[in-house]
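Asker:
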Amino acid sequence: MYNFLKYLKELNKKSKINFKLVWENGECIYDSLSMDKESLCLQVNLGNELANMYIPFEYKNCTLLLKFSIENKFEELKSAEEEILWDLLDGKEVIEDKIKELLPFLYNDSNIFLVKVEDNSSEALNIIKELYLNEEVLCTTFADNILIVGCFDEPRDHAESIKNSIETDLYCKCIVSISGKINNVSDLRKCYSEAKESLFLSEKFSLKDTILQYDKMVLEKIVYNINPQVKDELMEKIGHKFDNFDGEIITTIEEFIKCDLNISDTARKLFIHRNTLIYRLDKICRETGFDIRNFKEATVFIIGFLVWKEINKR
1 MYNFLKYLKE
11 LNKKSKINFK
21 LVWENGECIY
31 DSLSMDKESL
41 CLQVNLGNEL
51 ANMYIPFEYK
61 NCTLLLKFSI
71 ENKFEELKSA
81 EEEILWDLLD
91 GKEVIEDKIK
101 ELLPFLYNDS
111 NIFLVKVEDN
121 SSEALNIIKE
131 LYLNEEVLCT
141 TFADNILIVG
151 CFDEPRDHAE
161 SIKNSIETDL
171 YCKCIVSISG
181 KINNVSDLRK
191 CYSEAKESLF
201 LSEKFSLKDT
211 ILQYDKMVLE
221 KIVYNINPQV
231 KDELMEKIGH
241 KFDNFDGEII
251 TTIEEFIKCD
261 LNISDTARKL
271 FIHRNTLIYR
281 LDKICRETGF
291 DIRNFKEATV
301 FIIGFLVWKE
311 INKR
């Protein structure tokens, strides 16, 4: 939006026509119009969204030309921003001055969000764009996922908001992968690769988490890279024990791991009494030989559990 606003100011200055541009939801994009002047209103198409443009009645003969100029420039800028971003992620060389001009936020602690939805990706993209109408945030699609790049004070809060909006409006599962901080082109490529790997690991191990952060998926990455022969040996010893567990016990294991082996937090998340959880943990210990309340035993158990989930996903 920065370059678009810059263009609107330039258009205002050179044409000497004051105008006001407002999204349909009432959020102002640009305003240089004096409120005491009689004005007329017409709709302007900005991408997939509609905006209302107000200009003084005395310039009514210029309305269509102004409308065309604004719509055309918006599409031109959006296309240029997306093309540069795609080229960067594809490893192509792009002149740095051009990057700084069109994507200045790449040099200011920005983040990547990769959003995966089961269906309706185009509708999901429109929902996200509406969330960031007046923000310096680029939303597009890349390699079958929705890609969002921008500066976010609290990335996880934004990811939660995106996920909730999509699930509420489209009734479909949504997973958001958050990257680390980006301050240059090398960071961009590295962070995109990590966010993409997080989605891959999530699917590989059938993780229930819907907000993913690469730096919190170290264990999954280690397990994925274990020698296949070692995985087979591990499954020979304990794989059949996981096969015998019902859905309730599997869910208990997943939640206990997710809550960092905290009994009180796990019981609260599962909506069960603490004693019921302890009974289930005792049952797991009896049937597997691992007391997962003990950190060392839990570490081996979790590795085996992740390998079992990976193999059963094949």
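Sequential numbering of the sequence shown, starting at 1, is according to full-length UniProt numbering.
Just so it is clear, CB atoms sit at the ideal spot from N, CA and C, and this is done for glycine as well.
Model, not experiment: these values are computed from the prediction.
Could you tell me the alpha carbon to alpha carbon distance between residue 29 and residue 193, rounded to whole angstroms?
Answerer: 34 Å
Asker: Taking contact to mean 3 or more Cβ pairs, one atom from each stretch, closer than 8 Å, check whether the region 84-101 and the region 127-137 are in contact.
Answerer: As far as the Cβ criterion goes, the region 84-101 does not touch the region 127-137, which means the pair count is below three.
Asker: Residues in the same chain with beta-carbon distance under 8 Å from residue 199, minus the five sequence neighbours each way, listed in chain order, please.
Answerer: 114, 116, 145, 175, 177, 212
Asker: Where does residue 284 sit, in a helix, a strand or coil, going by DSSP?
Answerer: helix
Asker: Going by the DSSP bridge assignment, what does residue 44 pair with across the sheet?
Answerer: 51
Asker: Check residue 95 in the structure and name its three-state DSSP category.
Answerer: The three-state reading of DSSP puts residue 95 in coil, since its state is none of H, G, I, E or B.
Asker: Whose C-alpha, out of 48, 257, 37, is nearest the C-alpha of residue 207?
Answerer: Residue nearest to residue 207 within the set 48, 257, 37 is 257 (criterion: CA-CA distance).
Asker: Taking the alpha carbon of residue 284 as the reference point, which residue from 59, 302, 231, 140 has its own alpha carbon closest?
Answerer: Comparing alpha carbon positions, the residue from 59, 302, 231, 140 closest to residue 284 is 302.
Asker: So the beta strand (DSSP E) residue 191 belongs to, where does it begin and stop?
Answerer: Residue 191 -> not in any beta strand (DSSP E); alpha helix (DSSP H) instead, spanning 185-204.
Asker: Straight-line CA distance for residue 196 to residue 203?
Answerer: 11 Å
Asker: Quick one: residues in its chain with C-beta nearer than 8 Å to the C-beta of residue 57, no 5 flanking neighbours on either side, listed in chain order?
Answerer: Closer than 8 Å at Cβ, skipping near neighbours: 37, 38, 39, 40.
Asker: So is residue 24 buried or exposed if we call it buried at 16+ other beta carbons inside 10 Å?
Answerer: Result: exposed.
Asker: Which residues in the same chain as residue 238 place their Cβ atom closer than 7 Å to its Cβ, once the five residues preceding and following it in sequence are excluded?
Answerer: The beta carbon of residue 238 lies closer than 7 Å to those of 288, 304 in the same chain, with the five residues before and after it left out.
Asker: I need the straight-line Cα distance from residue 270 to residue 84, nearest angstrom please.
Answerer: Cα to Cα, the separation comes out at about 46 Å.
Asker: Look at the Cβ atom of residue 118, then the Cβ atom of residue 173, and state whether they are nearer than 9 Å.
Answerer: yes
Asker: Under the three-state reduction of DSSP, which class applies to residue 316: helix, strand or coil?
Answerer: No statement about residue 316 is possible, as the shown extent of the chain runs from 1 to 314 and does not include it.
Asker: In terms of residue numbering, what span does the alpha helix (DSSP H) encompassing residue 214 cover?
Answerer: Run containing residue 214: none; DSSP gives neither H nor E here.
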